[in-house]
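Have a look at the structure below before the remarks.
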Amino acid sequence: MERKLVSIQRIDHLEDIPGADNILKARVMGWDVVVRRGEFAPGDACVFFEIDSQLPEGKAWAEFLRARSFRVKTARLRGVLSQGLALPTSILGGAVPPLGTDVKDALGVVKFEPTPSEGNDVAGPFPGQVPKTDEIRLQSALGVLDELRGLDFYVTTKLDGTSSTFLRTMEGELVACSRNWALKPGKHPAWRVAEKYALATVLPPGFAIQGELCGPGIQKNRLGLGAVDLFVFSVHDTRTGHFLGHAEHIAFCERHGLRSVPVEHVVTGEAARTFEHGLEHYLRLAQGLYPGTKNRKEGIVVRPLVERQSPTLGGGRLSFKVINNDFLLKDEE
Numbered sequence: 001m002e003r004k005l006v007s008i009q010r011i012d013h014l015e016d017i018p019g020a021d022n023i024l025k026a027r028v029m030g031w032d033v034v035v036r037r038g039e040f041a042p043g044d045a046c047v048f049f050e051i052d053s054q055l056p057e058g059k060a061w062a063e064f065l066r067a068r069s070f071r072v073k074t075a076r077l078r079g080v081l082s083q084g085l086a087l088p089t090s091i092l093g094g095a096v097p098p099l100g101t102d103v104k105d106a107l108g109v110v111k112f113e114p115t116p117s118e119g120n121d122v123a124g125p126f127p128g129q130v131p132k133t134d135e136i137r138l139q140s141a142l143g144v145l146d147e148l149r150g151l152d153f154y155v156t157t158k159l160d161g162t163s164s165t166f167l168r169t170m171e172g173e174l175v176a177c178s179r180n181w182a183l184k185p186g187k188h189p190a191w192r193v194a195e196k197y198a199l200a201t202v203l204p205p206g207f208a209i210q211g212e213l214c215g216p217g218i219q220k221n222r223l224g225l226g227a228v229d230l231f232v233f234s235v236h237d238t239r240t241g242h243f244l245g246h247a248e249h250i251a252f253c254e255r256h257g258l259r260s261v262p263v264e265h266v267v268t269g270e271a272a273r274t275f276e277h278g279l280e281h282y283l284r285l286a287q288g289l290y291p292g293t294k295n296r297k298e299g300i301v302v303r304p305l306v307e308r309q310s311p312t313l314g315g316g317r318l319s320f321k322v323i324n325n326d327f328l329l330k331d332e333e
């Protein structure tokens with residue numbers, strides 16, 4: 001499911017913030033967000049902007065974010081973590097659309113994209129036969145918890161690196177990609193890793209692997225690695241259009257000499273039937289450090305052991321990420 005960056009949502013709950021007279025903590029979907037006192041009542045519709053919304057310059061309703069370059073970011077206000085922005089529907093200047101309606105284009109909002117680091121390494125567009133690696137955050141799709149309830153599932157560590165995809169076409173050509181682009185063969189870390197693991201011959205034609213590149217020079221190397229390495233989190237069979245399930249994924253990586261992302265929990269049988277699938281529980285599971293370091297881990301990714309589609313995610317893969325709230329504020333320190 002494509003992420004709805006800006007949509008019509010509902011204020012589900014409001015509560016006071018100790019020591020704060022002019023602001024309240026609101027719950028929108030699974031997000032906690034700080035709002036002005038008196039602006040909303042529980043049950044009111046709002047325009048909700050997710051993190052990384054880039055608001056348009058020149059609009060009166062967005063002017064208060066000029067000092068932050070009009071970008072919606074995670075913030076701590078009076079000790080409350082605010083993840084998003086809720087504004088009154090009056091900014092639409094007309095009738096209020098139904099709950100869930102995407103209003104990004106109507107408001108001129110785009111997704112903030114950091115300056116691409118690929119530069120001259122770009123060879124062309126990302127290959128269309130492989131899904132991109134965007135993972136939905138749990139707070140934006142709480143319905144996935146009901147879909148996962150009662151199923152055997154597993155939890156992996158979300159590594160703080162840069163996403164890469166490696167596709168071996170049916171003709172035998174290897175294509176190495178960053179998150180959004182195919183890359184020219186050369187010195188880019190993705191191609192160095194491709195050479196290290198001999199992916200041009202190891203990957204079977206028609207298969208793609210997707211993983212996190214981690215190590216020196218990438219995201220401050222929070223895993224403390226001595227060299228750049230690849231940790232595979234998905235294996236995609238382009239012939240069928242399906243991802244491999246957990247057991248097949250692990251066997252594929254072992255058979256081809258690849259490293260998989262760390263598996264933190266595998267929950268099966270009665271433990272899976274009685275597992276507490278709640279937002280707060282998953283937020284606690286997402287906390288912690290990368291082993292052998294003092295660095296906060298980015299979070300976790302949760303999937304069923306057997307691949308299945310998700311109605312909540314528009315028929316896409318049942319899979320979601322939970323980001324460690326402490327990690328989100330790492331740059332404050």
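Note that the sequence shown covers residues 1 to 333 in the UniProt record's numbering.
Beta carbons: idealized from backbone N, C-alpha and C, even for Gly.
- Rounded to the nearest angstrom, the gap between the Cα atoms of glycine 19 and aspartate 121 is 52 Å.
- Straight across, the Cα-Cα distance linking isoleucine 300 with alanine 45 is about 31 Å.
- Three or more Cβ pairs drawn from the segment 26-42 and the segment 76-86 lie within less than 8 Å of each other, which places the two stretches in contact.
- Buried is the label assigned to alanine 62, since at least 16 other Cβ atoms lie within 10 Å of its Cβ.
- With a contact defined as Cβ atoms closer than 8 Å, valine 6 and lysine 104 qualify at about 4 Å.
- Note on valine 306: under 16 other CB atoms within 10 angstroms of its CB, so exposed under the neighbour-count rule.
- Under the three-state reduction of DSSP, threonine 293 is assigned to coil, being neither helix nor strand.
- If you look at arginine 27, you'll find it in the beta strand (DSSP E) that goes 23-28.
- Comparing alpha carbon positions, the residue from Arg3, Tyr197, Tyr154 and Phe112 closest to glycine 269 is Tyr154.
- Fully contained in the segment 246-271 are the following beta strand (DSSP E) runs of length 3 or more, in chain order: 263-267.
- Between the alpha carbons of arginine 66 and arginine 259 lies a distance of about 44 Å.
- Annotation for glycine 143: the continuous alpha helix (DSSP H) segment containing it runs 143-148.
- Annotated three-state conformation of threonine 89 is helix, per DSSP.
- Look at tyrosine 282 here: in three-state DSSP terms it is helix.
- In this structure, Leu14 is the residue among Glu147, Leu99 and Leu14 with its C-alpha nearest to the C-alpha of valine 80.
- Shown here for asparagine 22: same chain residues with a beta carbon closer than 8 Å to its own, the five before and five after excluded, namely Arg36 and Arg37 in chain order.
- For arginine 66, there is no enclosing alpha helix (DSSP H), as DSSP gives it neither H nor E.
- Under the 8 Å Cβ criterion, the segment 153-167 counts as touching the segment 249-267, having at least three qualifying pairs.
- A Cβ-Cβ distance of about 6 Å is found for the pair arginine 296 and asparagine 324, placing them in contact under the 8 Å criterion.
- With 16 or more neighbouring CB atoms inside 10 Å of its own CB, threonine 312 falls in the buried class.
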